[in-house]
Amino acid sequence: MPQFQLPGRPGSRLSPFQIIILGFAGIILTGALLLITPLAAADGRAASFSDALFTSVSAVCVTGLVVCDTATRWSVFGQAVILVLIQIGGLGVVTAAASLVMLTGKNLSLKQRSTLQEAVSAPQMGGIAGFTKFILKVTFFTELAGALVMLPVFARDFGPRGVWMALFHSVSAFCNAGFDLLGRPGDLCPSLTAYTGSPVISLTVMLLIISGGIGFVTWEDFLHRKLNIRRYRVQSRIILSTTAFLILVPAVLFYFLEFSGLPVPERVLASLFQSVTARTAGFNTVPLNAMSGAGQAVLIALMLIGGSPGSTAGGIKTTTFAVLWANTRAALRRQKDPQLFCRRIDGGTVGQASALMVLYLILAITGALVISRAEGIPAGTCLYETASALGTVGLSLGITQQLGLLSRIILMILMFLGRVGSLTIAYAAFSSVDTRSSGFPHARVTVG
């Protein structure tokens, strides 16, 4: 990938949100141009720009939806391009660019630090350069550790190619991307179904997904404060408790609703895996088409919730879910303010969480209805794909490869919005702030 200077030099009129959007768009286009070269194709025949662009969007937005099989369509060079795009997308374009700037020995400007703070959801601008180095250390160490753990299994099954397989799947899992190299001609999204009963692969991939999805601020709390959770930031405690809830409760549901044909140990492993991967990772160890309607509905909900702020994951985020739940609980109890861990949540945060949830629901449902009309596919099946795209998950019922150009464009837009963030798009478009002290009179509206 070509080196580039982090945008946001002194005098730049672009807001941090606009810089983030342009950075992602630029990397996506660069990746697509690399993937349309014959060198990127396994058979030497250049891919169409539509296939290359969709793959690049999916990789940079760490989604995992594909229109052609990654293992059989792309050469080693093409797979390497995809892996680099996944890594950049997982870290965040601005974070990757800032890393290149710091490697040259240059200091980050105030505007660059502000942009970086928005990109990584850092709590403060001070020490942002050190926090970026911390992100890189955690990322590369975790990915290397995951690859080494999975290497014996992949080396046993694929010989020397197992080294590449272990590295690729470790990066893809930590970045919550869901791309795999296990496909064979005629397969529809096989993913990790060959390793349903493998504790080494299943548990390692789950841990990598969780590690990438809890956010780097939480990682900082964990490494500096160890297991003294009471000293963690409130946000970290919210993230960890919500993550645990969203893993265990769906896993119990899956255990009793699905996978009845598997032995008990494999059934437990499969239930936990699907519960973890649905929140933006995109791998699967069981055929998703075989799941019941109830199980697929649970997956859709998990896909829309996603991971945590400042992580490699997408979705509305675990903190948004927690704030909405706290607000609902406060309303039912007729409390003035929602509370989490003995702290009040301000109205602005509740408003942002509500706006984000509404935006995601509108985008997912509208996209599903348009695709359903264009392709003649049931709306429920289409909602599964649009929720997967918007949540940057990558789980699929196998229809993505069959979609026409319009439907592909819709999914690409949803993936981009899901990775960059719908509110980021809104803030970029409406960057001015209304500072008027006066306003309209209050109105009392009855709801419910």
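Counting from 454, one number per residue, gives the positions in the sequence shown under this note's numbering.
The C-beta atom is built at its ideal place from N, Cα and C for all residues, glycine as well.
Quick caveat, the model's predicted, so the values are computed rather than measured.
- According to the DSSP assignment, residue 503 belongs to the alpha helix (DSSP H) that extends over 502–513.
- Assigned with DSSP and collapsed to three states, residue 796 falls in strand.
- Residue pairing by DSSP places residue 527 opposite 494 in a beta bridge.
- In terms of Cβ geometry, residue 693 and residue 758 do not form a close pair [threshold 9 Å].
- The beta carbon of residue 820 sits closer than 6 Å to the beta carbons of 839, 863, 867 from its chain, once the five residues preceding and following it are set aside; these are given in chain order.
- Apart from sequence neighbours up to five positions away, the residues of its chain that approach residue 834 with a beta-carbon distance below 7 Å are 850, 852, ordered along the chain.
- Judged by their CB atoms, residue 765 and residue 665 are nearer to each other than the 9 Å cut-off.
- Residue environment analysis places residue 695 among the buried positions, since at least 16 neighbouring C-beta atoms fall within 10 angstroms of its C-beta.
- Its chain contains 791, 803 as the residues whose beta carbon lies nearer than 6 Å to that of residue 780, once the 5 sequence neighbours on both sides are disregarded; these appear in chain order.
- Cβ-Cβ separation between residue 723 and residue 657: approximately 15 Å, too far for a contact (criterion under 8 Å).
- By the beta-carbon neighbour count (other beta carbons within 10 angstroms, threshold 16), residue 667 is buried.
- Around the beta-carbon of residue 811, fewer than 16 other beta-carbon atoms lie within 10 Å, marking it exposed.
- In this structure, the straight-line span from the alpha carbon of residue 680 to that of residue 674 is close to 9 Å.
- Contact check for residue 522 and residue 636: beta-carbon distance about 4 Å, within the 8 Å limit, so the pair qualifies.
- Minimum Cα-Cα distance from residue 591 among the listed residues 621, 544, 501, 746 corresponds to 544.
- Closest in C-alpha terms to residue 822, from the list 769, 785, 860, 796, comes 860.
- Counting the other Cβ atoms within 10 Å of the Cβ of residue 532 gives 16 or more, which makes it buried.
- A Cβ-Cβ distance of about 6 Å is found for the pair residue 518 and residue 842, placing them in contact under the 8 Å criterion.
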